Amino acid sequence: MKVEILLVGEGGQGVQTLGDILAKAAYNDGYWPYSKCGYTPAARGGEVIASVIIADETQIYPLVEKADYIFILSRNESLEFVKNKITEKTRIVSVDAAFPKTIKIKHPIIVKNEDKEIPLNIFMLKIIQKIITVPSTKSVEKAIQDILGKKRVEREKN
7 MKVEILLVGE GGQGVQTLGD ILAKAAYNDG YWPYSKCGYT PAARGGEVIA SVIIADETQI
67 YPLVEKADYI FILSRNESLE FVKNKITEKT RIVSVDAAFP KTIKIKHPII VKNEDKEIPL
127 NIFMLKIIQK IITVPSTKSV EKAIQDILGK KRVEREKN
C-alpha cells in the first residue's frame, strides 16, 4: 500500500503542520511516512505545498510523483503549482469549485464546533480522515496532541 498526498495552500494556513500531523500519525500506526514541505518566496500568503507519502514499506524516492489525492486549502491558483502531479486517478478536494473534477467542501475560514474554533488545517484533516483510511483516528489524535499540545497550552495562558 502506498498513498501519495499533496496538501496545497497559502503561507499561514498550517499546511506544513497538517503534513507533519499526517506523517506522525502514519508513523504511530506503523507505516513508513515521508513528508516534505516547499514554499514560494513569500512566507505569508505565498504558495505552500506539503508532500506526504504513507506506505507500508520503505520507499526509494520519498517525494510525490503522481498524487493519489490533492487537498487544496486556498481559493487561488494553487492547482497550477501541482498540475504535473495529477493523473486521471487523482482525487482533488478543494474549497474552490472552479477547479475541474473537484470534490468541493464548504467551510468558513474558522469552523465553530461546540463553541470551539477549529482552524482550517485541522478541519481539512477531518476531511482527509473521511476520504483516506490511514492513518487511524487514534493516531491522528495523538499526533495532534504531540505536535500542537504545546501551542494550545501557550494559547490558553494568554
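So the sequence shown is numbered by the numbering used here: it starts at 7 and just counts up by one. All C-beta atoms, glycine included, are put in the ideal place defined by N, C-alpha and C. This one's a predicted model, so the numbers in the text were calculated from it and none came from an experiment.
Practice task
Give me the Cα-Cα distance between Gln151 and Thr23, rounded to the nearest whole angstrom.
Solution key: Going from the Cα of Gln151 to the Cα of Thr23 covers about 12 Å.
Problem - Spatially closest choice to Leu85 from Lys8, Leu12 and Met7, by CA coordinates - result: When Lys8, Leu12 and Met7 are compared, the shortest CA-CA separation from Leu85 is found for Leu12.
Handout entry: Of the listed residues Gln19, Leu154 and Ile137, nearest to Val54 (C-alpha basis)
Key = Across the set Gln19, Leu154 and Ile137, the C-alpha of Gln19 shows the shortest separation from the C-alpha of Val54.
Practice task
Using 10 angstroms around the beta-carbon of Ile78, count the other beta-carbons present and answer buried if the total reaches 16, otherwise exposed.
Solution key: Its Cβ being crowded by 16 or more others within 10 Å, Ile78 is buried.
Problem - Straight-line Cα distance separating Val99 from Asp35 - result: For Asp35 and Val99, the gap between their C-alpha atoms comes out near 24 Å.
Problem - Buried/exposed call for Asn127, threshold 16 Cβ in 10 Å - result: Per the 10 Å Cβ criterion, buried.
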